[in-house]
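According to the numbering used here, the stretch in the sequence shown is residues 28 to 88, in order.
Below: the structure, in structure tokens.
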Amino acid sequence: MRYDVKCTSQFKKNLTLDKKQNKNLEKLFEIIEIPASGGMLPVSTAFSRIADLHGHAVFHD
């Protein structure tokens, strides 16, 4: 399933700020391109997500 990527005003502001801070934007655009081209993002194994009794997400190492 392909997704259409639409940039919000807040995303554009954050992108401008990241450019000024000399951050690596290539990684960001690589991640955005994956679902846009129909791929699936890899699941992060750094944290396991567990919901507590109140429905809030709890993250553990």
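Built from N, CA and C at the ideal position, the CB exists for glycine as well.
- [ ] Closer than 7 angstroms by C-beta to Met28: which residues in its own chain qualify, once you throw out the five before and the five after it? Chain order, please.
- [x] As a working mapping, residue 28 is identified with position 1 in the sequence shown. Once the five neighbours on either side are set aside, the close Cβ partners of Met28 are Gly65.
Task: Start and end residues, alpha helix (DSSP H) containing Pro69 - done: Taking the first residue of the sequence shown as position 1, residue 69 is located at position 42. Pro69 -> no alpha helix (DSSP H), and no H or E assigned at all.
- [ ] Identify whether Asn49 lies in helix, strand or coil by the three-state DSSP scheme.
- [x] Along the sequence shown, one-based indexing puts residue 49 at 22. If DSSP states are grouped into helix, strand and coil, Asn49 belongs with coil.
Task: Anticipated Cβ contact below 8 angstroms, Leu55 with Lys46, distance rounded - done: Looking up residue 55 in the sequence shown gives position 28. Looking up residue 46 in the sequence shown gives position 19. 11 angstroms between Cβ atoms; not a contact.
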